[in-house]
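Visitor: If you read the protein sequences in the order shown, they are chains A and B. For what it's worth, the working numbering labels the leading residue of the first sequence as 674, then goes sequentially. For what it's worth, the working numbering labels the leading residue of the second sequence as 31, then goes sequentially. The beta-carbon is built from N, C-alpha and C at its ideal position, and this holds for glycine as well.
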Amino acid sequence: MEHSNSVTATGDSWNGGGDQPLRASYGKMMMWFFIVSDALTFSAFIAAYGFSRYKFIETWPIADEVFTHVPFFHGNYPMYYVAFMTFVLIMSSVTMVLAVDAGHKMKQSKVVFYMFLTIIGGLIFVGSQAWEWATFIRGDFGALETKGGRILQFVDSSAGERMAISSFAVDIPTERANHTRQSGIWFTEGESMTSFSLAEVKAGFEANDNILIRTEQINEEGEKTILSREESLGRLTQAVRVVEGANLIRNEYGSRLFADFFFFITGFHGFHVFSGVVINIIIFFNVLMGTYEKRGHYEMVEKVGLYWHFVDLVWVFVFTFFYLV
Amino acid sequence: MAHEHKLSIFRGLVTFQNNIQKIWGVLIFLSIVTTLEVALGIIKPSILTDYYLFGIKRINWIFIILTIVKAYYIAWDFMHLRDEKASLRRTIVWTPFFLVSYLVFLLLIEATYIYEVFKNSFLAWNF
Chain A
674 MEHSNSVTAT GDSWNGGGDQ PLRASYGKMM MWFFIVSDAL TFSAFIAAYG
724 FSRYKFIETW PIADEVFTHV PFFHGNYPMY YVAFMTFVLI MSSVTMVLAV
774 DAGHKMKQSK VVFYMFLTII GGLIFVGSQA WEWATFIRGD FGALETKGGR
824 ILQFVDSSAG ERMAISSFAV DIPTERANHT RQSGIWFTEG ESMTSFSLAE
874 VKAGFEANDN ILIRTEQINE EGEKTILSRE ESLGRLTQAV RVVEGANLIR
924 NEYGSRLFAD FFFFITGFHG FHVFSGVVIN IIIFFNVLMG TYEKRGHYEM
974 VEKVGLYWHF VDLVWVFVFT FFYLV
Chain B
31 MAHEHKLSIF RGLVTFQNNI QKIWGVLIFL SIVTTLEVAL GIIKPSILTD
81 YYLFGIKRIN WIFIILTIVK AYYIAWDFMH LRDEKASLRR TIVWTPFFLV
131 SYLVFLLLIE ATYIYEVFKN SFLAWNF
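So this is what it looks like as structure tokens:
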């Protein structure tokens, strides 16, 4: 056979082993079918993200201001960590393609080595994503939410920097109790309690003249609008609750849809990476046991490789549309 | 069994000695593109952020184009589409391309319309 993939026609496959439509073996063709359909699924999610973003184009959170943390470092480092994650995933794609190449040359020990590195890369990526989620859920500065569901954030007018609610909220000693299922109707419970009550944040705001409110509205310079002190005090009366961090219902960074799409799209992608790592581990042990030496070709490594590269490919798009654009 | 790989990238501008060398070459190229994207995203030069082309900021056009460039090299060299038959390659690439362009086009137009409604009509959504 003169073509590049390495299937051996044994005569016992579904079609007798002879036919190879488009010169791709059955297994590879099916992997491509899966990848194309999965690509359409991801595209639909990202297109839906675009839809919601265009719908709320003037109030959408700015990703640089949301993802600013790097593990073990304090301070404001937008994007560095995501760039690192992207690099890890591309790197693990490279080790995967090196494993495929070694497989073509029937070098078992090299395939083992490169598969191992690929799995490590995948684990680093999934771990980073878990950290990213945890940071996002925990939140940064805290904010207030108005009756209409808008988010009010706080800025120090002298320094021009964001202010955490914990840095100015006063301590009003009151009895705050969370409504639990035990204490009332069994099927309802209160939201988990924030570290400061609305009254405490409001009192702290009124006591400090240098604090201004930052709204979700994006101005002509592409930055969030900061209200004057009078407007801020007026807006403060509309606040109904304190929001810390993000979940599927509340989001201190701005639009709730942003958090929903973040969890959904990066979660779906992270699930793909996780599945990829599991499949890679299975194939890794098959390679170790010499399954493909006996079979006479390493096409299975190539098929898993296709899936792994696809996961990388999707991340390239998620990175652009979630973090850059 | 021969395993030929096409070893030229950039339309034959760069030709590698063997497949492994090509893989590292593509990695270097992808890293440069990613670094460029991140640098642009951090610096945000105003010449790129202040001007729009077809309703999208110039800088975002750059990001989208660079993303497609990266996707191209991942698919062509890591997923070996360069070595597949042209008919298989076209089936894989153009089918999603048309479907996704169609979907994105419709959704963004619709979203822009809803944005206008929220903005200009007598509708209280921020109460």
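Among residues of its own chain, excluding the 5 on either side of Q802 (chain A), which ones have a beta-carbon nearer than 6 angstroms to its beta-carbon?
Guide: G943
Visitor: Rounded to whole angstroms, what's the CA-CA distance from M704 (chain A) to W859 (chain A)? Just pull it up for me.
Guide: 49 angstroms
Visitor: Are there 16 or more other CB atoms within 10 angstroms of the CB of E176 (chain B), so buried, or fewer, so exposed?
Guide: Absent from the structure is residue 176 (chain B), since the part of chain B shown begins at 31 and ends at 157.
Visitor: With DSSP as the reference, please indicate the residues paired to S38 (chain B) in a beta bridge.
Guide: B:T45
Visitor: Quick check on DSSP: helix, strand or coil for L997 (chain A)?
Guide: helix
Visitor: Ordered along the chain, which non-local residues of its own chain (more than five positions away) have a Cβ less than 6 angstroms from that of L930 (chain A)?
Guide: S725
Visitor: Where do the ends of the beta strand (DSSP E) carrying V828 (chain A) lie?
Guide: In the DSSP assignment, V828 (chain A) falls within the beta strand (DSSP E) that extends over 824 to 829.
Visitor: What are the boundary residues of the beta strand (DSSP E) that includes T819 (chain A)?
Guide: Element bounds for T819 (chain A): 816 to 819.
Visitor: Please report the distance separating the alpha-carbon of I73 (chain B) from that of P751 (chain A).
Guide: 11 angstroms
Visitor: For H676 (chain A) and Y102 (chain B), what's the separation of their Cα atoms in angstroms?
Guide: The pLDDT assigned to H676 (chain A) is 47, lower than 50, so where the model puts this residue is not dependable; a value taken from the coordinates is nonetheless given after this. The alpha-carbon atoms of H676 (chain A) and Y102 (chain B) are separated by roughly 22 angstroms.
Visitor: According to DSSP, is V916 (chain A) part of a helix, a strand, or is it coil?
Guide: strand
Visitor: According to DSSP, which residues form a beta bridge with F931 (chain A)?
Guide: Answer is none; F931 (chain A) lacks a bridge partner.
Visitor: Interface residues of chain B around D774 (chain A) at Cβ under 8 angstroms?
Guide: Residues of chain B passing the Cβ test: N49, I50, I53.
Visitor: What's the call for T910 (chain A), buried or exposed, on a 16-neighbour Cβ count within 10 Å?
Guide: When all chains shown are included, T910 (chain A) counts as exposed.
Visitor: Following a CB-centred definition, is S948 (chain A) positioned closer than 7 angstroms to any heavy atom of the ligand FAD?
Guide: Among the components of this structure there are no ligands whatsoever, and the ligand FAD is therefore not found.
Visitor: Could you pull out every unbroken alpha helix (DSSP H) segment of at least 4 residues lying fully inside the region 67 to 94 of chain B, listed in chain order?
Guide: 76 to 79
Visitor: Nearest-angstrom Cα distance between G863 (chain A) and D80 (chain B)?
Guide: 45 angstroms
Visitor: Select from B:Y82, B:V56, B:P75, B:L133 the residue whose C-alpha is nearest the C-alpha of V99 (chain B).
Guide: Nearest in C-alpha terms to V99 (chain B), of all of B:Y82, B:V56, B:P75, B:L133, is B:V56.
Visitor: Pull out every residue of the region 109 to 126 of chain B whose Cβ sits closer than 8 angstroms to any Cβ of chain A, in chain order.
Guide: M109, H110, D113, E114, K115, S117, L118, T121, I122, T125, P126
Visitor: What residues match up with L885 (chain A) in a beta bridge as DSSP calls it?
Guide: A:V828
Visitor: Tell me the rounded alpha-carbon separation between K778 (chain A) and I89 (chain B).
Guide: 44 angstroms
Visitor: Closer than 9 angstroms by beta-carbon distance: list the chain B residues that pair up with S716 (chain A), in chain order.
Guide: P126, L129, V130, L133, V134
Visitor: Does the beta-carbon of M836 (chain A) have 16 or more other beta-carbons within 10 angstroms, so that it is buried, or is it exposed?
Guide: buried
Visitor: On a Cα-Cα basis, can you pick out the residue from A:K976, A:L906, A:L817, A:V960 that is closest to F786 (chain A)?
Guide: Residue A:V960 is the option with its Cα nearest to F786 (chain A).
Visitor: Suppose you measure from the CA of G833 (chain A) to the CA of N883 (chain A); what does that come to, to the nearest Å?
Guide: One Cα belongs to G833 (chain A), the other to N883 (chain A), and the distance between them is close to 10 angstroms.
Visitor: I want to see whether chain A comes within less than 8 angstroms of Y145 (chain B), judged by CB atoms only; does it?
Guide: Yes, Y145 (chain B) counts as interfacial toward chain A.
Visitor: Alpha carbon to alpha carbon, how far is K149 (chain B) from D737 (chain A)?
Guide: 26 angstroms
Visitor: Using 10 angstroms around the beta-carbon of Y143 (chain B), count the other beta-carbons present and answer buried if the total reaches 16, otherwise exposed.
Guide: exposed
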